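Here the protein sequences line up with chains A and B, keeping their order. Just so it is clear: in the first sequence, position 151 is 151 by this note's numbering, and no numbers are missing. Count along the second sequence starting at 1, add 161, and that's the number in this note's numbering. Every residue, glycine too, gets a C-beta built ideally from N, C-alpha and C. Since this is a predicted model, take the numbers as computed values, not measurements. Notes to accompany the following structure.
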Amino acid sequence: MSEKREITLTINGRSYAVRVDPRRTLVDTIRDECGQTGTHIGCEHGVCGACTVLLDGEPVRSCLMFAVQAEGRQIRTVEGLAQGDKLHPLQQAFIDHHGLQCGFCTPGFLMLAAGVLEREPDISDEDLLDVLSSNLCRCTGYENIVKSVRAAAAKMTAARR
Amino acid sequence: MTAPSNKWIGQSVGRLEDPPLVRGHGRYAGDISFPHQLHMRVVRSNHAHGRIVAIDTAAARALPGVVAVWTASDIADVPAIDFREGKIPALDPYRQPVLAADKVRYVGEPVAAVFASDPYVAEDASDLVTIEV
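And the structure:
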């Protein structure tokens, strides 16, 4: 087996110096080495999106990346969404519109939506559906997730004006 | 007449679990981590239906970090899985074994379980288990 690498990951603005096998996935490293267990592992092969994090602002599936590939990049996870006591508009909207039940897929949906709304605040309903269809939820039936993201998008747009 | 005030009926009630869940503070089974815990990987059938001729676990056992590789014969004293309703003697012959014995009956049926000190090693070792069907 190849030698472990010493890398530094930046997660929610904080640096984590870790030693990992080159083949260790980003999600395992975020959860085990860095202790940020808010990012979940569902399918381990890029289908379910539970492990979605933002890498330099772009949503990525952290089970399909190696930790070493994320060195020097800005990683954002669900733990970094709220500002202290103040929830991110997406987090509040998921609560208000019952966009979660068991909560397992929620961090992935939140980060997916956060990345997309930052890039495209006025995203059309059709494109939003297309984006959200990339993650899986077994509880809600998606209707309330879509409702939550739309509500948050509207609130974030209103706050900018 | 004024109705007695009731904050639970006629309106949505906020869920206590939502605030921690949307912050990523939920605690799930996968978050449990103990020192020196072992990791299990299940080796599954690639066949929809077939007789098991042989299972070779030698290469998997030889991999450093592997603690055990179990097949049906290693857990012969573990009973088959009862139905959800509980024990129903008439259905006993139709219960699924924990690990397939003699026969596999669907793609994905558990055939062997590999235990290792590291999940990546457990996965490597599971690739080394060969099942002749």
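At the level of alpha carbons, what is the spacing between residue 55 (chain A) and residue 75 (chain A)? Indexing the first sequence from 1 puts residue 55 (chain A) at position 55. Indexing the first sequence from 1 puts residue 75 (chain A) at position 75. Each residue's Cα considered, the two are about 5 Å apart.
Cα-Cα separation between residue 155 (chain A) and residue 40 (chain A), rounded to whole angstroms: For the purposes of this step, residue 155 (chain A) is taken as residue 155 along the first sequence, with counting starting at 1. For the purposes of this step, residue 40 (chain A) is taken as residue 40 along the first sequence, with counting starting at 1. Their backbone Cα atoms lie some 27 Å apart in a straight line.
Measuring only between beta-carbons, confirm whether residue 59 (chain A) sits less than 7 Å from chain B. Position 59 of the first sequence, counted from the start, is the residue given in the question as residue 59 (chain A). So, not an interface residue.
Under the rule that 16 or more other beta-carbon atoms within 10 Å means buried, what is residue 173 (chain B), buried or exposed? Here residue 173 (chain B) refers to the residue found at position 12 of the second sequence. When all chains shown are included, residue 173 (chain B) counts as exposed.
Take every Cβ of the segment 190-202 of chain B, pair it with every Cβ of the segment 276-293 of chain B, and state whether three or more of those distances are shorter than 8 Å. Three or more Cβ pairs drawn from the segment 190-202 of chain B and the segment 276-293 of chain B lie within less than 8 Å of each other, which places the two stretches in contact.
Against residue 183 (chain B), what residues of chain A qualify as contacts under a CB-to-CB distance less than 9 Å, listed in chain order? As a position in the second sequence, residue 183 (chain B) is number 22, starting the count at 1. 78, 81, 82, 87, 88, 90, 91, 92, 94, 95, 99, 100, 103, 106, 107, 110, listed in chain order.
Spatial neighbours of residue 104 (chain A) in its chain, beta-carbon cut-off 6 Å, leaving aside the 5 residues before and after: The count along the first sequence starts at 1 and reaches residue 104 (chain A) at position 104. Result list for residue 104 (chain A): 40, in chain order.
Kindly indicate the opening and closing residues of the alpha helix (DSSP H) around residue 24 (chain A). One-based indexing of the first sequence puts residue 24 (chain A) at position 24. From DSSP, residue 24 (chain A) is part of no alpha helix (DSSP H); its letter is neither H nor E.
Residues of its chain near residue 162 (chain A), where Cβ-Cβ distance is below 8 Å and the 5 sequence neighbours each way are ignored: Residue 162 (chain A) cannot be examined here, being either before or after the span of chain A that is shown, 1 to 161.
Residue ranges of each beta strand (DSSP E) within the segment 232-285 of chain B, 3 or longer: 271-277, all fully within the segment 232-285 of chain B.
Quick one: what does DSSP say residue 290 (chain B) is sitting in, helix, strand or coil? The residue given as residue 290 (chain B) occupies position 129 in the second sequence. Reduced to three states, the DSSP call for residue 290 (chain B) is coil.
Is DSSP giving residue 147 (chain A) helix, strand or coil here? Residue 147 (chain A) sits at position 147 when you count from the first residue of the first sequence. DSSP, read as helix, strand or coil, puts residue 147 (chain A) in helix.
Can you tell me which of the three DSSP states residue 125 (chain A) falls into? Indexing the first sequence from 1 puts residue 125 (chain A) at position 125. The answer is helix: DSSP assigns residue 125 (chain A) an H, G or I state.
For residue 177 (chain B), which of A:128, A:102, A:121, A:147 has the nearest alpha-carbon? By one-based count along the second sequence, residue 177 (chain B) stands at place 16. Among A:128, A:102, A:121, A:147, the Cα nearest to that of residue 177 (chain B) belongs to A:102.
Start and end residues, alpha helix (DSSP H) containing residue 201 (chain B): Position 40 of the second sequence, counted from the start, is the residue given in the question as residue 201 (chain B). Counting along the chain, residue 201 (chain B) falls outside any alpha helix (DSSP H), though it belongs to the beta strand (DSSP E) covering 200-205.
Any C-beta of chain A under 7 Å from that of residue 179 (chain B): Here residue 179 (chain B) refers to the residue found at position 18 when the second sequence is read from its first residue. Cβ-Cβ to chain A under 7 Å: yes for residue 179 (chain B).
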